[in-house]
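A short write-up of the structure that comes next.
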Amino acid sequence: MIEFCGIELRHRVINASGCFDALAAARVFGEALFEEFPFAAYVSKTITLHAREGNPPPRLWESEAGLINSIGLPNRGLGAYLENDIPALARLPVPLFTNVMGSTAEEVGELVESLEERPEVAAIELNVSCPNVATGLDIGADPRGLEALLARVRALTAKPLIVKLTPNTADVAACAAGAEAGGADAVSLINTLRAAALAPDGSGLWLGGGSGGLSGPAIRTIALAQVWRVAARVAIPVIGMGGVCCGRDARELIDAGAALVAIGTESFRDPLAGARIARELEGSFTQIAR
Amino acid sequence: MIEFCGIELRHRVINASGCFDALAAARVFGEALFEEFPFAAYVSKTITLHAREGNPPPRLWESEAGLINSIGLPNRGLGAYLENDIPALARLPVPLFTNVMGSTAEEVGELVESLEERPEVAAIELNVSCPNVATGLDIGADPRGLEALLARVRALTAKPLIVKLTPNTADVAACAAGAEAGGADAVSLINTLRAAALAPDGSGLWLGGGSGGLSGPAIRTIALAQVWRVAARVAIPVIGMGGVCCGRDARELIDAGAALVAIGTESFRDPLAGARIARELEGSFTQIAR
Amino acid sequence: MLSTIDRLARPRPGQFYMLATAERWGGGEGERPFLARAVSVMRTHEDGVIEFLLEDVGPGTKRLCELEAGQELTILGPFGNGFSASGSETLLVGGGIGIAPLLELQDTWGGLALLGFRDAEHAEGARLFTDAVVATDDGSVGHRGLVTDLLDRELERAPTSIRACGPPALLHAVKDRARRHGVPAELALEAPMACGFGACYGCVVATVDGYKRVCLDGPVFEAAVLA
Amino acid sequence: MLSTIDRLARPRPGQFYMLATAERWGGGEGERPFLARAVSVMRTHEDGVIEFLLEDVGPGTKRLCELEAGQELTILGPFGNGFSASGSETLLVGGGIGIAPLLELQDTWGGLALLGFRDAEHAEGARLFTDAVVATDDGSVGHRGLVTDLLDRELERAPTSIRACGPPALLHAVKDRARRHGVPAELALEAPMACGFGACYGCVVATVDGYKRVCLDGPVFEAAVLA
Ligand SMILES: Cc1cc2nc3c(=O)[nH]c(=O)nc-3n(C[C@H](O)[C@H](O)[C@H](O)COP(=O)(O)OP(=O)(O)OC[C@H]3O[C@@H](n4cnc5c(N)ncnc54)[C@H](O)[C@@H]3O)c2cc1C
Ligand SMILES: Cc1cc2nc3c(=O)[nH]c(=O)nc-3n(C[C@H](O)[C@H](O)[C@H](O)COP(=O)(O)OP(=O)(O)OC[C@H]3O[C@@H](n4cnc5c(N)ncnc54)[C@H](O)[C@@H]3O)c2cc1C
Ligand SMILES: Cc1cc2nc3c(=O)[nH]c(=O)nc-3n(C[C@H](O)[C@H](O)[C@H](O)COP(=O)(O)O)c2cc1C
Ligand SMILES: Cc1cc2nc3c(=O)[nH]c(=O)nc-3n(C[C@H](O)[C@H](O)[C@H](O)COP(=O)(O)O)c2cc1C
Ligand code: FES
Ligand code: FES
Numbered sequence: 000m001i002e003f004c005g006i007e008l009r010h011r012v013i014n015a016s017g018c019f020d021a022l023a024a025a026r027v028f029g030e031a032l033f034e035e036f037p038f039a040a041y042v043s044k045t046i047t048l049h050a051r052e053g054n055p056p057p058r059l060w061e062s063e064a065g066l067i068n069s070i071g072l073p074n075r076g077l078g079a080y081l082e083n084d085i086p087a088l089a090r091l092p093v094p095l096f097t098n099v100m101g102s103t104a105e106e107v108g109e110l111v112e113s114l115e116e117r118p119e120v121a122a123i124e125l126n127v128s129c130p131n132v133a134t135g136l137d138i139g140a141d142p143r144g145l146e147a148l149l150a151r152v153r154a155l156t157a158k159p160l161i162v163k164l165t166p167n168t169a170d171v172a173a174c175a176a177g178a179e180a181g182g183a184d185a186v187s188l189i190n191t192l193r194a195a196a197l198a199p200d201g202s203g204l205w206l207g208g209g210s211g212g213l214s215g216p217a218i219r220t221i222a223l224a225q226v227w228r229v230a231a232r233v234a235i236p237v238i239g240m241g242g243v244c245c246g247r248d249a250r251e252l253i254d255a256g257a258a259l260v261a262i263g264t265e266s267f268r269d270p271l272a273g274a275r276i277a278r279e280l281e282g283s284f285t286q287i288a289r
Numbered sequence: 000m001i002e003f004c005g006i007e008l009r010h011r012v013i014n015a016s017g018c019f020d021a022l023a024a025a026r027v028f029g030e031a032l033f034e035e036f037p038f039a040a041y042v043s044k045t046i047t048l049h050a051r052e053g054n055p056p057p058r059l060w061e062s063e064a065g066l067i068n069s070i071g072l073p074n075r076g077l078g079a080y081l082e083n084d085i086p087a088l089a090r091l092p093v094p095l096f097t098n099v100m101g102s103t104a105e106e107v108g109e110l111v112e113s114l115e116e117r118p119e120v121a122a123i124e125l126n127v128s129c130p131n132v133a134t135g136l137d138i139g140a141d142p143r144g145l146e147a148l149l150a151r152v153r154a155l156t157a158k159p160l161i162v163k164l165t166p167n168t169a170d171v172a173a174c175a176a177g178a179e180a181g182g183a184d185a186v187s188l189i190n191t192l193r194a195a196a197l198a199p200d201g202s203g204l205w206l207g208g209g210s211g212g213l214s215g216p217a218i219r220t221i222a223l224a225q226v227w228r229v230a231a232r233v234a235i236p237v238i239g240m241g242g243v244c245c246g247r248d249a250r251e252l253i254d255a256g257a258a259l260v261a262i263g264t265e266s267f268r269d270p271l272a273g274a275r276i277a278r279e280l281e282g283s284f285t286q287i288a289r
Numbered sequence: 000m001l002s003t004i005d006r007l008a009r010p011r012p013g014q015f016y017m018l019a020t021a022e023r024w025g026g027g028e029g030e031r032p033f034l035a036r037a038v039s040v041m042r043t044h045e046d047g048v049i050e051f052l053l054e055d056v057g058p059g060t061k062r063l064c065e066l067e068a069g070q071e072l073t074i075l076g077p078f079g080n081g082f083s084a085s086g087s088e089t090l091l092v093g094g095g096i097g098i099a100p101l102l103e104l105q106d107t108w109g110g111l112a113l114l115g116f117r118d119a120e121h122a123e124g125a126r127l128f129t130d131a132v133v134a135t136d137d138g139s140v141g142h143r144g145l146v147t148d149l150l151d152r153e154l155e156r157a158p159t160s161i162r163a164c165g166p167p168a169l170l171h172a173v174k175d176r177a178r179r180h181g182v183p184a185e186l187a188l189e190a191p192m193a194c195g196f197g198a199c200y201g202c203v204v205a206t207v208d209g210y211k212r213v214c215l216d217g218p219v220f221e222a223a224v225l226a
Numbered sequence: 000m001l002s003t004i005d006r007l008a009r010p011r012p013g014q015f016y017m018l019a020t021a022e023r024w025g026g027g028e029g030e031r032p033f034l035a036r037a038v039s040v041m042r043t044h045e046d047g048v049i050e051f052l053l054e055d056v057g058p059g060t061k062r063l064c065e066l067e068a069g070q071e072l073t074i075l076g077p078f079g080n081g082f083s084a085s086g087s088e089t090l091l092v093g094g095g096i097g098i099a100p101l102l103e104l105q106d107t108w109g110g111l112a113l114l115g116f117r118d119a120e121h122a123e124g125a126r127l128f129t130d131a132v133v134a135t136d137d138g139s140v141g142h143r144g145l146v147t148d149l150l151d152r153e154l155e156r157a158p159t160s161i162r163a164c165g166p167p168a169l170l171h172a173v174k175d176r177a178r179r180h181g182v183p184a185e186l187a188l189e190a191p192m193a194c195g196f197g198a199c200y201g202c203v204v205a206t207v208d209g210y211k212r213v214c215l216d217g218p219v220f221e222a223a224v225l226a
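Chains as they are written, first to last, in numbering that gives the first Met the number 0: chain A, 0 to 289; chain B, 0 to 289; chain C, 0 to 226; chain D, 0 to 226.
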């Protein structure tokens, strides 16, 4: 058993938000999935205050050793999540981490407050990659702004608060330090990197949402560098992710300072990747000089 | 013939700074290289005021569809460049762009002033990916700082000033706009993205320089997104680069708004990539809605 | 044509698998393919053997087509809803590679197949059908023209329902006629897919009640629900 | 063992080529290989045929070893300085895959080869030499122990010079003995390479006058100049 922010976990491998839909998977692979769940914790895809349709298709582009997505955070909104999803997800044999995003501090506060009331939710992950309406930058891109946001919502919950940092910033370590100073219990990174694809027929941007986010092996070494820097800067635990495909990749993130490793795109190629990588991890015990 | 900042070029494909050493290539491939030079202009690797040994080896790591380098800008300094390299490079059949980097505005000024005096130099490219000693961030990461730097050195030269933007920023388009406002004649992007690799034997970071910069196909769609954003924001010409391997990749950057395309890592796999890609480009004429 | 064995599941007509090669998946044009590729079940056999029909349209299908007998295939599935049961009065309309799922459908529930192709070469696949009328753009086999010409003719005979699979233009034409003639139709759609099992939300299609995941709620949709 | 033809250049002993396969270079372990791989010339023939010796140590050499006769190879070179001319009194010291350049050297200028290997299987390559003494770690062939044991013995006979290629430990031991016995030695080094022709500055080694590019100023260096 592993301990993360006071939560007991079977192993160090969880899913990356938005890359595994436990309810859809149960429909497809059957209830057995609920017994032998591949991940040590289940992270929901991002929930917003109000329902979102998501971006118009096409939403995917396969790039060099990676995937660009422009899904647009489709979800039925906080209300439906509390009412329908949480009861269904409560049947999972692993702790539930709920990932939320608000476009203002008020929204984030409202999301956190309502999740605080639900015992089924073990931890809250804040997706701060949402563009700030004023500056156009991600609200998580500015260390001071992030500290202020955390300081504000920290008071609203006793549950572990994980900040999903944005990689679209000049200094991710400073942002992590800001989140820590504001009272975050952990940080997770990296989120997808802004990327674009052009339609083969020359009709312009391919993705319905315009630009998208790059994930997969192509970003693995960028994730490794950011996790290394962040882990060297903050004392709170780090959840590392980005292009992890095998136990060795996971081990490298742990050696870089990650407490847990999250699997995103690889789960699309192998829905049992989480269990496989956790197994492969057990075999390896590098402990390196940092 | 193509016109770029008042300079006539044979085609739209040039080399990326630090990815082609014309003098070394002449030694290896013979003088013929000077007649049939693969690029429409020759961009020097970054020259600094004082000589630099560069980073200790190992300096390279092959990553997923890319390369991480930590070369550390080795060069014999401005003096040796002016005295030995420029006369030798003057024999090139294409215009010479000189890439320089200074760690302070004074240093950049001194570099620009001395190049201004040399007719062999057709244009000056400012590498602003140098860490600012005070903030630790790249000096090019802050739009206002970049504008101030440009305003200061603009007065020192009549030659075209190209700003090689840093991708390690929250808003590359704002930085491009800052450079333009300061008087830059063009911007070039993207430089390598911060990445890291761990030694297979578990002894820590692999690269002698610690972290390094990621280049190659893995970053192509990130470059495409940044070039698209920058070209949409500024009126000055854009030199696009990042993972270009073939005419189609180059065409996409041009469709995204680039005036010229630079080839970096692909030249390692094929020293004649510049000529090949220029040929492949001629064949293609997409003109897309932006 | 590619075949493999699935002893666990017996796919239903219209379902698909996500396929990749175990070795050297990647390293092709643009360093691709990276993700697995969705491929419809063309035909199944009692012993669990499943046959697929592949057209080389890019790095993924190219690599799958290069696969030699005995080499390892990574396979996930069967996925998707598949077609609902139909009868002998059902018309099966297919175009190009879209004929694949209709073969298993005909083998299971019968029905006349109307198949459209570019030319004789691409029309090869039609041979596999027990009861089919063919149209080719160049007239090298069967009717010269579109498969929808054949459909218009058959619609006079008031079929009970239609099942279609093929390029967007064909599906659109079928949807159109189905509405005009008041004949219920089921269309098997395609969409770029990353996972195939509802995890990525990347394969959505617009329906009368919002975006639906083609891999999970489809790939077969009633023509009437598509926006 | 891999062979190809270079009609343009006649490589000199110690030079190398950058090799890659034209098809499916990439898509292996960690989506690699991406860059070409440096490989020493093992033997050349009048007709321009060049032979290479490869050991599968990772995705690049693995892919090159998988290459079948007739499949296309991407080849750049010859690169590097190569060894300077030597005579029959020169000792050639090689370890493992490092024996490759010494074969062409012996074919050209003669000299006794002292070759070290892990075991009999790896020692196969020694057969290609006309005049060689072998040492293996497990003693399955020749002397049981290190090739440096053989070198120590031969050094008594006051050789005019030494040429060595192999793992870092071996080169270090040779450099050491060369200095102690005052015998000039040339060492063929290895370094991670991206280009092979001086463009990337990635392959440097520390020398008495600063970092030098192994691909351009080497791969052969006088032992004395190495820092
Ligand atoms: C449910 C379902 C069933 C299918 N059944 C079959 C079948 O039985 N047989 C069969 O041959 N095919 C079938 N397909 C289609 C096949 O899965 C796709 O065509 C697949 O994309 C082919 O991959 P590729 O690499 O060969 O071609 P791709 O390179 O993916 O090109 C195919 C199309 O995808 C788009 N595209 C091009 N480049 C990219 C990129 N980098 N990222 C994203 N999209 C791109 C273009 O529109 C192009 O025309 C099915 C698809 C679905 C969804
Ligand atoms: C001048 C010269 C001549 C050579 N001649 C020969 C020859 O004749 N025959 C032969 O078999 N080899 C030769 N080599 C060695 C060969 O080029 C290298 O071993 C090459 O790296 C093998 O590639 P690989 O993908 O098979 O193995 P790699 O995966 O590159 O592993 C080889 C070594 O590189 C390091 N490494 C591991 N992963 C990475 C990575 N991702 N990026 C960078 N480094 C990594 C490790 O130290 C590992 O032990 C020569 C090298 C040089 C420089
Ligand atoms: C299709 C897709 C959907 C995603 N949705 C979300 C999301 O809803 N919320 C979020 O915080 N991150 C989301 N991400 C980002 C992932 O959680 C993860 O940070 C990123 O993909 C890097 O990991 P990977 O390379 O292993 O995929 C999504 C990624 C993908 C590919
Ligand atoms: C080995 C290497 C050395 C580089 N040296 C420099 C340099 O000296 N100055 C600079 O501005 N950019 C340098 N770059 C960055 C390239 O100019 C280019 O911006 C980057 O590699 C992206 O292009 P690519 O993917 O085509 O390589 C270097 C890149 C590599 C790979
Ligand atoms: S393909 Fe991933 S949800 Fe349909
Ligand atoms: S390998 Fe590029 S400089 Fe030597």
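All residues carry an ideal CB built from backbone N, CA and C; glycine is no exception.
Check	Outcome
Enclosing beta strand (DSSP E) for Cys-164 (chain C) [first to last residue]	160 to 164
For Gly-108 (chain A), the first and last residue of its enclosing beta strand (DSSP E)	It is not in any beta strand (DSSP E) - Gly-108 (chain A) instead sits in the alpha helix (DSSP H) that spans 104 to 115.
Endpoints, the beta strand (DSSP E) within which Pro-235 (chain D) is located	The requested residue 235 (chain D) does not occur in the structure, where chain D is confined to residues 0 to 226.
Nearest-angstrom Cα separation, counted from Ile-123 (chain B) out to Thr-191 (chain B)	19 angstroms
Residue ranges of each alpha helix (DSSP H) within the region 213 to 262 of chain B, 4 or longer	219 to 232 and 246 to 254
Distance, Pro-166 (chain C) Cα to Gly-97 (chain C) Cα	7 angstroms
Stretch-stretch touch, CB-based, cutoff 8 angstroms, three pairs: the region 177 to 193 of chain B with the region 151 to 168 of chain B	yes
Reduced DSSP category for Val-237 (chain D) - H, G, I as helix; E, B as strand; rest coil	Since the first residue shown for chain D is 0 and the last is 226, residue 237 (chain D) is missing from the structure and cannot be characterised.
C-beta neighbour in chain B for Asn-190 (chain A), strict 8 angstroms	no
Cβ of Trp-108 (chain D) within 8 angstroms of any chain C Cβ	no
Contacts that Cys-194 (chain C) makes with chain A (C-beta to C-beta distance below 7 angstroms)	Phe-267
Near ligand 4: Val-243 (chain B) beta-carbon under 7 angstroms from a heavy atom	yes
Inter-residue CB distance, Gly-53 (chain B) and Leu-72 (chain B) (contact presumed, cutoff 8 angstroms)	7 angstroms
Closer than 8 angstroms to chain B by CB, Glu-30 (chain C)	yes
Reduced DSSP secondary structure (H/G/I, E/B, other) of Val-224 (chain C)	helix
contact_flag[the region 168 to 177 of chain A, the region 219 to 236 of chain B] where n(CB pairs < 8 angstroms) is 3 or more	no
Closer than 7 angstroms at the beta carbon, the chain D residues around Ala-64 (chain A)	Glu-30
Beta carbon proximity, Leu-75 (chain A) to chain B, threshold 8 angstroms	Residue 75 (chain A) is actually Arg in this sequence, not Leu. No, Arg-75 (chain A) lies away from the interface with chain B (no Cβ there is under 8 angstroms from its Cβ).
Leu-75 (chain D) and Ala-35 (chain D) closer than 8 angstroms at C-beta	yes
Within-8 angstroms CB hit, Ala-277 (chain A) to chain B	no
Glu-251 (chain B) at chain A interface by Cβ criterion, 8 angstroms	yes
Chain-ordered chain D contacts of Pro-86 (chain A) [CB-CB under 8 angstroms]	Near Pro-86 (chain A) there are no residues of chain D at all, since even the closest Cβ is about 41 angstroms away, more than 8 angstroms.
Contacts around Thr-264 (chain A), its chain only, beta-carbon distance under 6 angstroms, and the 5 residues preceding and following it disregarded	Leu-66, Ser-214 and Gly-215
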